[in-house]
Amino acid sequence: MQDQYRREINYLRISLTDRCNLRCIYCMPAEGVEKQHHRDILSLEEIAEIAEAAVELGINKIRLTGGEPLTRLGVTWLIKRLSALPGVREIGMTTNGILLPKMAQELKDAGLTRVNISLDTLDAARYRQITRCGTLADALAGIEAAERVGLTPIKLNAVLIGGFNDCEIPAMVELTREKPIEMRFIELMPIGDTDIFGPEAYIPVDTVLERAPELQPLPDGAPGAVAKLFALPGAKGRVGLISPISHSFCSSCNRIRLTADGFLKPCLHSSREIPLRGLHGDELRRTFAYAIGQKPEEHNVLSRTERSDAARNMHEIGG
3 MQDQYRREIN YLRISLTDRC NLRCIYCMPA EGVEKQHHRD ILSLEEIAEI
53 AEAAVELGIN KIRLTGGEPL TRLGVTWLIK RLSALPGVRE IGMTTNGILL
103 PKMAQELKDA GLTRVNISLD TLDAARYRQI TRCGTLADAL AGIEAAERVG
153 LTPIKLNAVL IGGFNDCEIP AMVELTREKP IEMRFIELMP IGDTDIFGPE
203 AYIPVDTVLE RAPELQPLPD GAPGAVAKLF ALPGAKGRVG LISPISHSFC
253 SSCNRIRLTA DGFLKPCLHS SREIPLRGLH GDELRRTFAY AIGQKPEEHN
303 VLSRTERSDA ARNMHEIGG
């Protein structure tokens, strides 16, 4: 399924909820989110129906996000439904990992392929600060649980924030030496409540190469992959650099997002949203295809002074 710029769109990100058991500073307000009524978000059956239509149109990669997707009751049932769809080759999840020690095995058994786990710091005090209520030990236990049951390869996502965690770059890179993980550094995006960090927070991911000069470039990943890959000599894992600010990857974007309340977002940084709730059959497929056709060639310029046009915070869109 191609958009009007001949990009192959095969990747659907589905937000299961805008709620989370953490309160990360760059993602949501300290008081949490205004709770939506259950009737305001898609049911699991509606999500499964939309995903089935998407797969029929050519989507073969699905990622479940939030908020925190593991706080959504019935997530295991949904994964079983999605994994049974013909043509789906990967079902991933982006999670903070806190609930993985209890749920990892059942998620694996249901058909979850692998996980991305948010880990912005290796310092317990900083972890508490950035999440407002979480503990590093719980996140590390989640990573261990994912490793144990085979939700691999594991990718660890660190939002790179100047003056907060850039001093930890060497230690985070070092995690890849003995473990087959991908440590990914993502530039802080000007979306939501990020002004609290100040302008010095917006540093390019090239900073990682300056702080870890041993890193060597690797061949590009799969088509549509957004991370530039590097590795330490002889390391079991690798490092990924994701640069939505300094080096946009719009020309190879292969994804579309479904919000928890039933809107398709052709572009993360656009306010354009197409409602899908209540649509079925041919009408659902036509509208989904129409949304693909509405993907812009590129998003607005992003910088420390130029904000995203997304019109929602990240917890409302999905990671």
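Just so we're aligned, residue 3 is where the sequence shown starts under our numbering, counting upward by one. Note that the Cβ used here is the ideal one computed from N, Cα and C, for glycine as well.
Check your understanding: Looking only at C-alpha atoms, which of 64, 216 and 78 sits nearest to residue 118?
Key -> Start at 1 with the first residue of the sequence shown, and residue 118 comes out as number 116. When only C-alpha atoms are compared, the closest one is 64.
Check your understanding: Can you list, in chain order, the stretches of the beta strand (DSSP E) that have 3 or more residues and sit fully within the region 20-98?
Key -> Entirely contained in the region 20-98, the beta strand (DSSP E) runs reaching 3 residues are, in chain order, 63-67 and 92-97.
**Study point:** Candidates 70, 228, 175 and 66: closest to residue 235 by CA position
**Key:** Position 233 of the sequence shown, counted from the first residue, corresponds to residue 235. Checked all of 70, 228, 175 and 66; the closest Cα to residue 235 is 175.
**Study point:** N-terminal and C-terminal residue of the alpha helix (DSSP H) that residue 226 is part of
**Key:** As a working note, residue 226 is residue 224 in the sequence shown. Run containing residue 226: none; DSSP gives neither H nor E here.
Check your understanding: With respect to the alpha helix (DSSP H) encompassing residue 199, which residues constitute its N-terminal and C-terminal limits?
Key -> The residue you call residue 199 lines up with position 197 of the sequence shown. Careful: residue 199 lies outside any alpha helix (DSSP H) and carries neither H nor E.
**Study point:** Nearest residue (CA-CA) to residue 260, options 45, 29 and 23
**Key:** On the sequence shown, position 258 is the one that residue 260 refers to. When only C-alpha atoms are compared, the closest one is 45.
**Study point:** Short Cβ contact (8 Å threshold) for residue 112 with residue 150
**Key:** Taking the sequence shown and counting its residues from 1, the one referred to as residue 112 is at position 110. Taking the sequence shown and counting its residues from 1, the one referred to as residue 150 is at position 148. Against a cut-off of 8 Å, the Cβ pair of residue 150 and residue 112 comes out as no contact.
**Study point:** Pairwise C-alpha distance: residue 98 and residue 148
**Key:** Within the sequence shown, numbered from 1, the residue matching residue 148 stands at position 146. Within the sequence shown, numbered from 1, the residue matching residue 98 stands at position 96. Approximately 12 Å between the Cα atoms of the pair.
Exercise for review: Measure the alpha-carbon distance for residue 132 versus residue 292 and round it to whole angstroms.
Suggested key: Along the sequence shown, read from residue 1 onward, the residue named residue 132 stands at position 130. Along the sequence shown, read from residue 1 onward, the residue named residue 292 stands at position 290. About 39 Å.
Exercise for review: Entirely within the region 227-262 and at least 3 residues each: give me those beta strand (DSSP E) ranges in chain order.
Suggested key: 230-233, 240-244 and 257-260
Review point. Buried or exposed: which applies to residue 163, given that a residue is buried once 16 or more other Cβ atoms fall within 10 Å of its Cβ?
Key: Here residue 163 is taken as the residue at index 161 of the sequence shown, counted from 1. The residue is buried, with at least 16 neighbouring Cβ atoms inside 10 Å.
Check your understanding: For residue 16 versus residue 67, is the C-beta spacing smaller than 8 Å?
Key -> As a first step, residue 16 must be located in the sequence shown, where it is residue number 14. As a first step, residue 67 must be located in the sequence shown, where it is residue number 65. The Cβ atoms of residue 16 and residue 67 sit closer than 8 Å to each other.
Check your understanding: From what residue to what residue does the beta strand (DSSP E) around residue 185 run?
Key -> Counting from one through the sequence shown, the residue named residue 185 turns up at place 183. In this chain, the beta strand (DSSP E) harbouring residue 185 covers 184-189.
Review point. What residues are listed by DSSP as bridge partners for residue 218?
Key: To locate residue 218, count along the sequence shown from 1; it is residue 216. 233, per the DSSP bridge assignment.
Check your understanding: Along the chain, where does the beta strand (DSSP E) that runs through residue 132 open and close?
Key -> Locating residue 132 in the sequence shown gives position 130, where the first residue counts as 1. It is not in any beta strand (DSSP E) - residue 132 instead sits in the alpha helix (DSSP H) that spans 126-133.
Exercise for review: Tell me the start and end of each unbroken alpha helix (DSSP H) in the region 98-125 that is at least 4 residues and wholly inside, in chain order.
Suggested key: 102-112
Point to revise | Chain-order list of residues whose beta-carbon lies under 7 Å from that of residue 205 (same chain, five-residue window excluded) | key: As a first step, residue 205 must be located in the sequence shown, where it is residue number 203. The answer, listed in chain order, is 162, 164 and 168.
Check your understanding: Among 22, 298, 87 and 177, which one has its Cα closest to the Cα of residue 58?
Key -> Locating residue 58 in the sequence shown gives position 56, where the first residue counts as 1. Looking at the Cα atoms, 87 is the closest of the given residues.
**Study point:** Beta-carbon proximity of residue 166 to residue 199, cut-off 8 Å
**Key:** By 1-based counting over the sequence shown, the position of residue 166 is 164. By 1-based counting over the sequence shown, the position of residue 199 is 197. Yes.
Check your understanding: Do you know offhand how far residue 125's Cα is from residue 160's?
Key -> One-based indexing of the sequence shown puts residue 125 at position 123. One-based indexing of the sequence shown puts residue 160 at position 158. Distance between the alpha carbons of residue 125 and residue 160 is about 13 Å.
Exercise for review: Assign residue 275 to buried or exposed, taking buried as 16 or more other Cβ atoms, counted over all protein chains shown, within 10 Å of its Cβ.
Suggested key: Counting from 1 along the sequence shown, the entry for residue 275 is found at position 273. That one is buried.
Check your understanding: If you draw a straight line from the C-alpha of residue 109 to the C-alpha of residue 71, how long is it?
Key -> By one-based count along the sequence shown, residue 109 stands at place 107. By one-based count along the sequence shown, residue 71 stands at place 69. Each residue's Cα considered, the two are about 12 Å apart.
Exercise for review: Please state if the CB of residue 152 and the CB of residue 185 are separated by a distance shorter than 8 Å.
Suggested key: As a working note, residue 185 is residue 183 in the sequence shown. As a working note, residue 152 is residue 150 in the sequence shown. The answer is no: Cβ separation not under 8 Å.
Review point. Can you pull the DSSP bridge partners for residue 277?
Key: Locating residue 277 in the sequence shown gives position 275, where the first residue counts as 1. Answer is 265.
Practice item. Please list, in chain order, all residues of the same chain as residue 182 whose beta carbon is under 7 Å from its beta carbon, the five residues on each side excluded. Key: Here residue 182 refers to the residue found at position 180 of the sequence shown. These residues qualify, in order along the chain: 155, 238 and 239.
Check your understanding: When DSSP builds the beta bridges, which residues end up paired with residue 294?
Key -> The sequence position of residue 294 within the sequence shown is 292, counting from 1. BP columns for residue 294 are empty, so no partner.
Point to revise | Span of the alpha helix (DSSP H) around residue 145 | key: Along the sequence shown, one-based indexing puts residue 145 at 143. Taken as a continuous stretch (DSSP letters only), the alpha helix (DSSP H) holding residue 145 covers 138-151.
Review point. Just the Cα atoms here: how many angstroms apart are residue 136 and residue 21?
Key: As a working mapping, residue 136 is identified with position 134 in the sequence shown. As a working mapping, residue 21 is identified with position 19 in the sequence shown. Those two C-alpha atoms are separated by around 15 Å.
Check your understanding: From what residue to what residue does the beta strand (DSSP E) around residue 270 run?
Key -> Translated into the one-based positions of the sequence shown, residue 270 becomes position 268. Neither: residue 270 is in no beta strand (DSSP E) and is coded neither H nor E.
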